[in-house]
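Notes follow once the structure below has been shown.
2 protein chains.
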Amino acid sequence: MYDPHIEIVESNLKEIKKTFGCLVSVDCVIFGYDHSSLKVLVINCNQEPFVGKYSVLGDLVHTHETMDEAIKRVLSQRAGLEDIYMEEVKVFSSLDRHPMDRVITIAYYSLVKIDEYKLVDAQNKDLKWIEISEAKDMAFDHEAIVKASHKRLQDRIKEKPVGFNLLPEKFTLNQLQLLYENILGITLDKRNFRRKLNNNNLVIDLGEVQDDVSHRPAKLYKFDFDSYQKMKKRGQFSFII
Amino acid sequence: MYDPHIEIVESNLKEIKKTFGCLVSVDCVIFGYDHSSLKVLVINCNQEPFVGKYSVLGDLVHTHETMDEAIKRVLSQRAGLEDIYMEEVKVFSSLDRHPMDRVITIAYYSLVKIDEYKLVDAQNKDLKWIEISEAKDMAFDHEAIVKASHKRLQDRIKEKPVGFNLLPEKFTLNQLQLLYENILGITLDKRNFRRKLNNNNLVIDLGEVQDDVSHRPAKLYKFDFDSYQKMKKRGQFSFII
DNA sequence: CCAAAAGTGTTCTGCGTACACCCATGG
DNA sequence: CCATGGGTGTACGCAGAACACTTTTGG
Numbered sequence: 117m118y119d120p121h122i123e124i125v126e127s128n129l130k131e132i133k134k135t136f137g138c139l140v141s142v143d144c145v146i147f148g149y150d151h152s153s154l155k156v157l158v159i160n161c162n163q164e165p166f167v168g169k170y171s172v173l174g175d176l177v178h179t180h181e182t183m184d185e186a187i188k189r190v191l192s193q194r195a196g197l198e199d200i201y202m203e204e205v206k207v208f209s210s211l212d213r214h215p216m217d218r219v220i221t222i223a224y225y226s227l228v229k230i231d232e233y234k235l236v237d238a239q240n241k242d243l244k245w246i247e248i249s250e251a252k253d254m255a256f257d258h259e260a261i262v263k264a265s266h267k268r269l270q271d272r273i274k275e276k277p278v279g280f281n282l283l284p285e286k287f288t289l290n291q292l293q294l295l296y297e298n299i300l301g302i303t304l305d306k307r308n309f310r311r312k313l314n315n316n317n318l319v320i321d322l323g324e325v326q327d328d329v330s331h332r333p334a335k336l337y338k339f340d341f342d343s344y345q346k347m348k349k350r351g352q353f354s355f356i357i
Numbered sequence: 117m118y119d120p121h122i123e124i125v126e127s128n129l130k131e132i133k134k135t136f137g138c139l140v141s142v143d144c145v146i147f148g149y150d151h152s153s154l155k156v157l158v159i160n161c162n163q164e165p166f167v168g169k170y171s172v173l174g175d176l177v178h179t180h181e182t183m184d185e186a187i188k189r190v191l192s193q194r195a196g197l198e199d200i201y202m203e204e205v206k207v208f209s210s211l212d213r214h215p216m217d218r219v220i221t222i223a224y225y226s227l228v229k230i231d232e233y234k235l236v237d238a239q240n241k242d243l244k245w246i247e248i249s250e251a252k253d254m255a256f257d258h259e260a261i262v263k264a265s266h267k268r269l270q271d272r273i274k275e276k277p278v279g280f281n282l283l284p285e286k287f288t289l290n291q292l293q294l295l296y297e298n299i300l301g302i303t304l305d306k307r308n309f310r311r312k313l314n315n316n317n318l319v320i321d322l323g324e325v326q327d328d329v330s331h332r333p334a335k336l337y338k339f340d341f342d343s344y345q346k347m348k349k350r351g352q353f354s355f356i357i
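Protein sequences, first through last, are from chains B and F. Taking the working numbering, the leading residue of the first sequence gets 117, the next gets one more, and so forth. Taking the working numbering, the leading residue of the second sequence gets 117, the next gets one more, and so forth.
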């Protein structure tokens, strides 16, 4: 019987590469939150036949870099983003997902504090934040990539405090609650939400208040990273909202 | 400024493939459960410098197949497995993970009803079930791949009833409980475990009993797939043990 | 003083958890 | 009748969910 298993050995390496070599890319769905809705960072695609459609940021993976390095390079060089939260979502491998050649892509999503981020756009002039709901009819299979990433973010935020990566260092509890409501598409009870935060020691009262609002200013808080680390270590942490 | 973004267009496709083409493989961690412990299906590696070490089943992805097709091909051709549960785990992309060339691999795990599976080994003579604890010092980075897959299974089984894929169609409640205890490495309370199953309508009493035991025979149950589907549809399903 | 949003407590219900004894069968 | 595992119910505490009014500030 034919042995379908291919062994990579010196003698047939060149032949193997010719036969099996394919292109691998990373695509990163960058989420931002502007205090009213969840946004995705996109670019106008300039590859036929998708010219004019939106695309998320991505690039081919170089032969000398890991996925992690590739995605960091894309975030840094193409969006000026450093040290931001990111997570692998899944692999997209349809044969026809790229019109020019077979390109396997690994999707990631990232979370950006949109207030602290000015669009860095050295390479091109059309980086743009769009609403999740606008992420339709995108280039390649990027609509599916955005959908899968959004779903992953929704799942993740229910069990880990990743949402803080979308807010400024100092935030009000209402801002935090609205973030959850927007991402999950649900409404939450203010008192229950706050009690849960307090029970978990997840936020620290900074003793400061808002100073630019025309009504009673809200207290400002920050995420209690140390407390979260401790809770993770001893026993399990639950943040299912 | 240098634009690091590579566009794949007809004119430079060949050059791009030469520069960026790399090898992609799938590796599948196949879990089985033999009524006492969780097992992994491995093979003796025959590639230097790992000859004699264990490896999980994997293969290069062909240019004309998706990941899904590749993993199904590996499961079918190399282990005779068809239509089994599987899930993508994550990408492994260290530059030195394969000694011969840069190979990016996508790890999957699968669940097999070990009782109903006779080792099909047409291609080679050394398919073997080993204990999780024996999955050390494996070929390539397969120890890390097994660890990550095991962790994923542990996470998944807490929220979805995937464990039934490891048991025969008919099983006793004690067998089910032991499965959970073995996979999670914890002990569970018998009465609480059973109450939760009943509350969720997850199992159906078949009205049959064991007939090969030298003590009071236990009732046999099967997984209630329809009930699970209904529960998933209306509202959320929780199976956190 | 009015508008706007901030902030705060209680009750009820259901679920997780801890826990121990009798039952049915084969040998 | 004995050994072996099979099977069952209760009490407690905590956490989620529902729910409405008072407070503080700016204008």
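Where a beta carbon is used, it is the ideal one built from N, C-alpha and C, also for glycine.
Cut-off 6 Å between Cβ atoms - residues of its own chain near residue i, not counting five sequence neighbours on either side
{"i": "F280 (chain B)", "result": "F339"}
{"i": "N315 (chain B)", "result": "none"}
{"i": "C138 (chain F)", "result": "R218"}
{"i": "A186 (chain F)", "result": "V142 and V177"}
Proximity winner among the options, relative to residue i (alpha-carbon distances)
{"i": "L313 (chain F)", "options": "F:Q326, F:S210, F:Y344 and F:D327", "result": "F:Y344"}
{"i": "S358 (chain B)", "options": "B:N290, B:V262 and B:E285", "result": "Residue 358 (chain B) is absent from the structure shown; chain B starts at 117 and stops at 357."}
{"i": "I132 (chain B)", "options": "F:I124, F:S141, F:E126 and F:L292", "result": "F:S141"}
{"i": "L283 (chain F)", "options": "F:L197, F:K244 and F:G148", "result": "F:G148"}
{"i": "N308 (chain B)", "options": "B:S152, B:Q293 and B:E259", "result": "B:Q293"}
{"i": "E358 (chain F)", "options": "F:Y224, F:R189 and F:I220", "result": "Outside the shown range of chain F, which is 117 to 357, sits residue 358 (chain F), and nothing can be said about it."}
{"i": "D212 (chain B)", "options": "F:H180, F:V228 and F:E232", "result": "F:H180"}
{"i": "R194 (chain F)", "options": "B:H121, B:G196 and B:R311", "result": "B:H121"}
{"i": "Y337 (chain B)", "options": "B:V190, B:E285 and B:E275", "result": "B:E285"}
{"i": "V145 (chain B)", "options": "B:K349, B:K267 and B:P333", "result": "B:K267"}
{"i": "S127 (chain B)", "options": "F:Q163, F:T135 and F:S127", "result": "F:Q163"}
{"i": "D150 (chain F)", "options": "F:H331, F:Y233, F:I302 and F:A264", "result": "F:Y233"}
{"i": "D321 (chain B)", "options": "B:K335, B:D328 and B:S330", "result": "B:K335"}
{"i": "A255 (chain F)", "options": "F:H214, F:E275 and F:A186", "result": "F:H214"}
{"i": "P165 (chain B)", "options": "B:D257, B:K274 and B:E275", "result": "B:D257"}
{"i": "R310 (chain B)", "options": "B:K134, B:D328 and B:Q291", "result": "B:Q291"}
{"i": "S265 (chain F)", "options": "F:S226, F:S330 and F:K306", "result": "F:S226"}
{"i": "I230 (chain B)", "options": "B:L295, B:M216, B:K348 and B:E185", "result": "B:L295"}
Residue i classed as buried or exposed, judged by whether at least 16 other C-beta atoms fall within 10 angstroms
{"i": "G174 (chain B)", "result": "buried"}
{"i": "F287 (chain B)", "result": "buried"}
{"i": "F341 (chain B)", "result": "exposed"}
{"i": "D253 (chain B)", "result": "exposed"}
{"i": "S209 (chain F)", "result": "buried"}
{"i": "D143 (chain B)", "result": "buried"}
{"i": "K206 (chain F)", "result": "buried"}
{"i": "S152 (chain B)", "result": "exposed"}
{"i": "L129 (chain F)", "result": "exposed"}
{"i": "V167 (chain B)", "result": "exposed"}
{"i": "K155 (chain B)", "result": "buried"}
{"i": "V325 (chain F)", "result": "exposed"}
{"i": "K188 (chain B)", "result": "buried"}
{"i": "K346 (chain F)", "result": "exposed"}
{"i": "I220 (chain B)", "result": "buried"}
{"i": "I273 (chain F)", "result": "buried"}
{"i": "I302 (chain B)", "result": "exposed"}
{"i": "K349 (chain B)", "result": "exposed"}
Contact belief for residue i with residue j at Cβ below 8 Å, rounded distance in angstroms
{"i": "E297 (chain B)", "j": "L289 (chain B)", "result": "The pair is not a contact, with the Cβ atoms about 12 Å apart (cut-off 8 Å)."}
{"i": "Q270 (chain B)", "j": "I299 (chain B)", "result": "6 Å"}
{"i": "M183 (chain F)", "j": "V190 (chain F)", "result": "So it is not a contact: roughly 11 Å between Cβ atoms."}
Cut-off 7 Å between Cβ atoms - residues of its own chain near residue i, not counting five sequence neighbours on either side
{"i": "V158 (chain F)", "result": "Y170, S171, V172, K244 and I246"}
{"i": "D242 (chain B)", "result": "I159 and N160"}
{"i": "S192 (chain B)", "result": "E198"}
{"i": "M216 (chain B)", "result": "none"}
Cβ shell of residue i (< 8 Å), same chain only, five flanking positions each side left out
{"i": "I124 (chain F)", "result": "I132"}
{"i": "P364 (chain F)", "result": "Only positions 117 to 357 of chain F appear in the structure, and residue 364 (chain F) is not among them; the question remains open."}
{"i": "E259 (chain F)", "result": "A251, K252 and D253"}
{"i": "V228 (chain F)", "result": "I146, F147, G148, L157, L197, I200, N281 and L282"}
{"i": "P333 (chain B)", "result": "V325, Q326 and D327"}
{"i": "F136 (chain F)", "result": "I122"}
| task | Kindly provide the ranges of any alpha helix (DSSP H) runs that are 4 or more residues long and lie completely inside the segment 179–235 of chain B, ordered along the chain. | result | If we require 4 residues or more, the alpha helix (DSSP H) runs fully inside the segment 179–235 of chain B come out as 183–195.
| Start-end ranges of the alpha helix (DSSP H) lying completely within the segment 120–189 of chain B, minimum 4 residues | Listed in chain order, they are 129–136.
| Ranges of the beta strand (DSSP E) found wholly within the segment 253–280 of chain F, counting only runs of at least 3 | As for any beta strand (DSSP E) of minimum length 3 sitting wholly inside the segment 253–280 of chain F, there is none.
| said: For a minimum of 3 consecutive residues, which ranges assigned as the beta strand (DSSP E) are wholly contained in the segment 289–346 of chain F? | reply: Secondary structure remark: continuous beta strand (DSSP E) runs of at least 3 residues inside the segment 289–346 of chain F, in chain order: 319–325 and 335–339.
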